[in-house]
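Heads up: the sequence shown runs through residues 1 to 217, numbered per full-length UniProt numbering.
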Amino acid sequence: MSILEIRDLHYEADNTKILKGISMKIEEGDCVSIIGSSGSGKSTLLKICADLIPISKGELIYREKNYKRYNPIELRRKISYCVQLPHLFGDKVYENLEFPYNIRKEKIDKGRIVKLLEKFNLDESFLEKDIKSLSGGEKQRISIIRNLIYKPDILLLDEATSALDKENAMVIEKYIEELNKEGVTVIWITHSLEQSERIFNKRIEISEGQVKSIERI
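Laid out in structure tokens, this is it:
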């Protein structure tokens with residue numbers, strides 16, 4: 001059963017056609033890598049899937065219902081998007097990791113936060129760190145943790161390990177693989193052909209705003 005279906009998707013900005021009739025089905029439990037050259041439309045596609053920018057033409061279907069039939073806030077809780085360049089707010093790391101609880105008006109589960117930090121080769125002391133003192137790789141990991149406090153139905157990752165060394169990139173991959181085995185559908189943009197083959201069951205190549213190929217791995 002498809003969890004996400006994209007039908008004849010077009011996107012245009014500043015009189016430039018960026019997506020030109022993208023169609024695909026993502027099955028529930030898929031772990032999909034998306035590859036393609038810079039400027040091919042990959043990030044735009046994920047932003048649209050995350051309901052962050054409007055489409056020019058086409059349809060997006062989540063669990064057999066058009067995106068337009070969902071409350072946007074509820075949809076974005078089910079479909080979680082990790083941007084390539086992480087944005088942390090406030091002063092301390094803790095402010096970012098308590099945020100998912102605060103917007104849901106739920107009790108903060110500090111134990112879960114610490115457990116996730118440890119999964120990502122960080123420790124509890126990071127909660128009190130000033131976000132300005134963090135490296136690019138640390139910011140990237142904190143941003144991913146913030147997105148995973150609540151497990152989504154679909155996880156969208158845009159170059160999620162681009163600022164990480166090989167060891168920490170593998171840590172992220174391993175955890176995402178675990179989530180996928182628990183039922184989270186994953187769509188991950190990567191520039192690394194090697195990475196696109198490791199944990200995925202499907203690879204989609206985007207070229208000049210169109211699907212060039214879809215292959216099972």
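Just so you know, even glycine gets a beta-carbon here, dropped at the ideal spot from N, CA and C. Predicted model only: the values in this text are computed from it and were never measured.
What do you reckon, is the C-beta of residue 84 under 7 Å from a heavy atom of the ligand MG?
Among the ligands in the structure shown, none appear at all, so the ligand MG cannot be discussed.
Whole angstroms are fine: how far does the CA of residue 111 sit from the CA of residue 184?
Numbered from 1 along the sequence shown, position 184 holds the residue referred to as residue 184. Numbered from 1 along the sequence shown, position 111 holds the residue referred to as residue 111. Going by the C-alpha atoms only, they are around 22 Å apart.
Anyone know if the C-beta pair for residue 22 and residue 45 falls short of 8 Å?
For this step, residue 22 is matched to residue 22 along the sequence shown. For this step, residue 45 is matched to residue 45 along the sequence shown. Cβ distance < 8 Å, so residue 22 and residue 45 count as in contact.
Which residue marks the beginning of the beta strand (DSSP E) containing residue 210, and which one marks its end?
The residue given as residue 210 occupies position 210 in the sequence shown. Run containing residue 210: 210-216, per the beta strand (DSSP E) assignment.
Tell me whether residue 198 sits in a helix, a strand or coil according to DSSP, three-state version.
Indexing the sequence shown from 1 puts residue 198 at position 198. In the structure shown, residue 198 sits in coil (DSSP, three-state: anything other than H, G, I, E or B).
Taking the continuous beta strand (DSSP E) assigned at residue 171, which residues delimit it?
Residue 171 sits at position 171 when you count from the first residue of the sequence shown. Here residue 171 belongs to no beta strand (DSSP E); instead the alpha helix (DSSP H) covers 166-181.
May I have the straight-line CA-CA distance separating residue 211 from residue 191, to the nearest angstrom?
Position 211 of the sequence shown, counted from the first residue, corresponds to residue 211. Position 191 of the sequence shown, counted from the first residue, corresponds to residue 191. Cα to Cα, residue 211 sits roughly 16 Å from residue 191.
Which residue from 142, 34, 84, 49 puts its Cα closest to that of residue 118?
Numbered from 1 along the sequence shown, position 118 holds the residue referred to as residue 118. Of the candidates 142, 34, 84, 49, the one whose C-alpha sits nearest the C-alpha of residue 118 is 142.
Are the stretch 14-32 and the stretch 197-205 touching by the rule of at least three beta carbon pairs closer than 8 Å?
yes
Against chain E, does residue 100 count as a neighbour if the rule is that its beta carbon must be under 8 Å from one of theirs?
Reference to chain E is not applicable here, since this structure consists of a single protein chain.
Taking residue 83 as part of the alpha helix (DSSP H), name the residues at either end of that continuous run.
Locating residue 83 in the sequence shown gives position 83, counting from the first residue. Per DSSP, residue 83 lies in no alpha helix (DSSP H) and is assigned neither H nor E.
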